[in-house]
Amino acid sequence: MKRILMIATGGTIASKETAEGLAPALSSQELLACVPEVAKACSVQTVQPFNLDSTNVRAGHWLDIARIIEENYDGFDGFVVTHGTDTMAYTAAALSYLVQNSAKPIVLTGSQKSVYSRDTDARKNLTDAFLFCADDRAFGVRIVFDGSVILGTRAKKTRTRSYNAFSSIDYPAVAVMREGAPFYYIEWEKPASPPVFYRALNENVFVLKMIPGLRADIFDYLDGHCDGLVIESFGAGGLPNYENDAFRARLSRFLSLGKTAVLTTQVEREGSALDTYAVGRKLRSCGPVLEARCMTLEATVAKLMWILSFAKGKDAEKLFYTPVERDIF
Ligand code: ASP
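2 is the number of the first residue of the sequence shown in this note's numbering; add one for each residue after it.
#1: When DSSP labels each residue in this structure, what does PHE133 get in the three-state scheme?
#2: Might you give, ordered along the chain, the residues of its own chain that have their beta carbon closer than 8 Å to the beta carbon of GLU271, omitting 5 neighbours on each side?
#3: Would you mind working out which of VAL39, GLU21 and TYR243 sits nearest GLY131, comparing C-alpha positions?
#4: Quick check: does the Cβ of SER55 come within less than 7 Å of any heavy atom belonging to ligand 1?
#5: Closest to GLY12 by CA distance: which of ASP137, LEU32 and ALA293 is it?
#6: What is the C-beta distance between LEU298 and GLU233, in whole angstroms, given that I count them as a contact (C-beta under 8 Å)?
#7: Going by the beta-carbon positions, is the gap between ASN203 and SER310 smaller than 8 Å?
#8: Closest to GLY239 by C-alpha separation, out of CYS287, GLU71 and PHE255, would be which residue?
#9: Which of the three DSSP states, helix, strand or coil, is assigned to MET296?
#10: Taking 7 Å as the cut-off, is the beta-carbon of THR110 closer than that to any non-hydrogen atom of ligand 1?
#11: Out of ARG200, PRO173, THR128 and PHE80, which one is the CA nearest neighbour of VAL116?
#12: Within 10 angstroms of its Cβ, does SER44 collect 16 or more other Cβ (buried), or is it exposed?
#13: Just confirm the distance between the C-beta atoms of LEU264 and GLU292, as a whole number of angstroms; I'd bet it's less than 8 Å.
#14: Could you tell me if PRO25 is buried or exposed, where buried requires 16 or more neighbouring beta carbons within 10 angstroms of its beta carbon?
#15: Tell me, please, which residues DSSP counts as bridged to CYS43.
#16: The alpha helix (DSSP H) spanning VAL150 covers which residue range?
#17: Sort ALA34, PRO213, HIS84 and THR277 by Cα distance to THR56 and report the nearest one.
#18: Answer yes or no: do THR92 and LEU109 have a C-beta to C-beta separation smaller than 8 Å?
#19: For ALA174 versus TYR186, is the C-beta distance shorter than 8 Å?
#20: With a cut-off of 8 Å on the beta carbons, I'd call ARG4 and PHE51 a contact; round off their distance for me.
#21: Under the assumption that VAL350 contacts ARG124 (Cβ atoms under 8 Å), give the Cβ distance between them as a whole number of angstroms.
#22: Going by beta-carbon coordinates alone, are ALA300 and ALA60 separated by less than 8 Å?
#23: Opposite GLY79 in the DSSP bridges: which residues?
#24: Spell out the partners DSSP gives VAL206 in its beta bridges.
#25: Bridge partners of ILE143, per DSSP?
#26: Taking only the alpha-carbon atoms, compute the straight-line gap between TRP332 and ALA193 and give it to the nearest angstrom.
#27: If you follow the alpha helix (DSSP H) that SER194 is in, where does it begin and where does it stop?
#28: Ignore the nearest five residues each way along the sequence and tell me which others in THR277's own chain have a CB closer than 7 Å to its CB.
#29: Going by the C-beta, is GLY214 closer than 7 Å to any heavy atom of ligand 1?
#30: Is the beta carbon of ILE107 sitting closer than 8 Å to the one on VAL145?
#31: Should MET306 be flagged as near chain D, meaning a C-beta pair shorter than 8 Å?
#32: Using alpha carbons as the reference points, say which of SER149, ASP316 and LEU275 lies closest to GLY111.
#33: Spatial neighbours of ALA250 within its chain, please: C-beta separation below 6 Å, excluding the five flanking residues on both sides.
Here it is as C-alpha cells:
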C-alpha cells in the first residue's frame, strides 16, 4: 500500500465559521478523518506546518512545504498538500520550481466550501487527491480539483465560487478523475534521475499591472524596491509611448541597474507576442527584456523568485526560457 504524507496548511477546506467569517480551524487529523475511505487505497501520515487562509501564504511557507517534502522524500511514495484555493496556483507553481524532476507525486487540493458545509466539495477533492496520489503513474506537482488534474505550472484560479475553481491555462488538464481513478489525457515518462531540491527564493519580485494612463514615475519606487519586475501589459504586449516615451526610458534605466524585467499580458490565455506591435517591439531596445509568452502569471512570478535567488543577467535569462514542467513553450 502506498504511503502518503498529508501536509495540511489551512484554507476553506479546513475552515469553520467564526464570528469574523470563515477561518482555518481543523487539524490535519480532523480533516483526514472526513475521508475515511482513503484508508483502503493508501496509508496516510499527516503534518501541519501552519493553518492559514492562503491569503497569508508567502514565499517562506512555500519553502517550508518544500523542506518537509525533501526531509520526507525517501519515506513516502507521495505527498498531498491541502491548501486554500486563493493562492494555491502560486504555491503549486513555486513547488514546481523548488522540487524539480520528482518521480513522486506532489498533489495540491482544497475546496470552495468548508468540509462542514452540507454541499461541500472538500470530501470529493480530498479523496480524489489521495487516489490520484496513490496511482502508479502519478508524478510531479499537480493540482487535483473538481475532478481535473492540472500541472502545477499551468493552474489558475478562475472562479471564486463555483466548484470548478481552477483552469489549466494554455495547456490541457493532464487527466480527469473518474469514479476514483485517473483517466489520463496526456502521459509521459516519469523522470529517471533523482529529484532536485532548491532551498531559496528571492521575494523582491513585483507585478505591475498596467491601466490606461498609468504614469512611468511608478519606477521611482520600483527601482529601489525590486530585483525582478513582471509588467502585465495589455494584449499581445507593449508599453505606452506617451509623455516623451517615459516608460521606455524608465525601463532602460531599470535594466541598467542589473535588474530583471519580464513583459507579460493581462489577457488570461494565449500569452504575449511582444514583437507584434510597435509599442512592444521597440521595448527590445531598452535592454534584455524577457517575455513570459504563454506562462501563467503565477508561474512567471514563482520562476523569477526561484531564478533570482541564485542567478542574474544572461544566466537568469537562459533559465527563464528553459522549460520546467511545461511552463513555457
Ligand atoms: N480564502 C480561502 C483561502 O484561500 C479560500 C479557499 O480556500 O477557497 O484560504
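Where a beta carbon is used, it is the ideal one built from N, C-alpha and C, also for glycine.
Put simply:
#1: helix
#2: ASP171 and CYS295
#3: Checking the sequence shown, residue 131 turns out to be Phe, not Gly. Ranking the options by Cα distance to PHE131, first place goes to VAL39.
#4: yes
#5: LEU32
#6: 7 Å
#7: yes
#8: CYS287
#9: coil
#10: no
#11: THR128
#12: exposed
#13: 5 Å
#14: buried
#15: LYS3
#16: Element bounds for VAL150: not the alpha helix (DSSP H) but the beta strand (DSSP E), 149-152.
#17: HIS84
#18: yes
#19: yes
#20: So it is not a contact: roughly 23 Å between Cβ atoms.
#21: This structure leaves residue 350 out entirely; the chain is present only between 2 and 330.
#22: no
#23: ILE5
#24: GLY229
#25: Going by the sequence as given, residue 143 is Arg instead of Ile. For ARG143, which the question treats as bridged, DSSP gives the partners VAL108 and LEU152.
#26: As shown, the chain starts at 2 and ends at 330. That puts residue 332 outside it, with no answer to give.
#27: Here SER194 belongs to no alpha helix (DSSP H), and DSSP marks it neither H nor E.
#28: ALA237
#29: no
#30: no
#31: As a matter of chain content, chain D is missing from the structure shown, which is built from one protein chain.
#32: SER149
#33: none
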